[in-house]
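Residue numbers (full-length UniProt numbering): 1 to 154.
As structure tokens, then:
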């Protein structure tokens, strides 16, 4: 049986519509998984699921809402990645708009790369990830051994 995945869904303001459309299109593939969202994105994702399942009498997946990104949600999510609680991250960020919390965004992307979490930053990559046979499989990413860094002499 496939392992239930924990999927982080994050979107900057100008990309929230894109993420909601993506969720509405892929809701059947997402419904068996746990979704972690930052702030307003979580509210919009919940509403998108409510509309879809209302017609089918299906079950809404577990959706956990963290704080808004600029208010600490990015750090909360980064902590969850570092403790092995996130399997996949879809973060649709806006390349055309400066973000007041850009350092937080970069830190979140860095921690996802550090822990080898599959990460999509646009819809095309998110589409490839969710349609991959690995999405349906029990997949454990290989982790780099940072023992030499941890045990270095300072």
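All C-beta atoms in this analysis are idealised placements derived from N, C-alpha and C, irrespective of residue type, glycine included. Remember, predicted model here, so these are calculated numbers, not experimental data.
With distances taken between CB atoms, is the gap from residue i to residue j smaller than 7 Å?
i: residue 92; j: residue 19; result: yes
i: residue 44; j: residue 9; result: no
i: residue 97; j: residue 14; result: yes
i: residue 3; j: residue 138; result: yes
i: residue 120; j: residue 90; result: yes
i: residue 117; j: residue 81; result: yes
i: residue 48; j: residue 23; result: yes
i: residue 46; j: residue 63; result: yes
Are there 16 or more other CB atoms within 10 angstroms of the CB of residue i, so buried, or fewer, so exposed?
i: residue 1; result: Residue confidence is low: residue 1 scores 44 on pLDDT, short of 50, so the model does not pin down where it sits. Its coordinate-derived value is still stated next. Label assigned to residue 1: exposed.
i: residue 104; result: buried
i: residue 38; result: buried
i: residue 51; result: exposed
i: residue 7; result: buried
i: residue 142; result: exposed
i: residue 140; result: exposed
i: residue 145; result: exposed
i: residue 66; result: buried
Residue i and residue j look like a contact to me (Cβ under 8 Å); what is the Cβ gap, rounded to whole Å?
i: residue 102; j: residue 12; result: In fact, because the Cβ distance is near 10 Å, the residues do not count as touching under 8 Å.
i: residue 61; j: residue 100; result: Not quite, the Cβ-Cβ distance comes to about 31 Å (not below 8 Å), so this is no contact.
Indicate whether the contact test is met: 3 or more Cβ pairs, each with one atom in the stretch 29-38 and one in the stretch 110-128, closer than 8 Å.
no
Those runs of the beta strand (DSSP E) which lie wholly inside the stretch 22-63 and span at least 3 residues:
34-38
Count the C-beta pairs between the stretch 49-66 and the stretch 83-90 that are closer than 8 Å, then say yes if the count reaches three, no if not.
The stretch 49-66, when compared against the stretch 83-90, does not touch it at the 8 Å Cβ threshold.
Could you pull out every unbroken beta strand (DSSP E) segment of at least 3 residues lying fully inside the stretch 104-140, listed in chain order?
none
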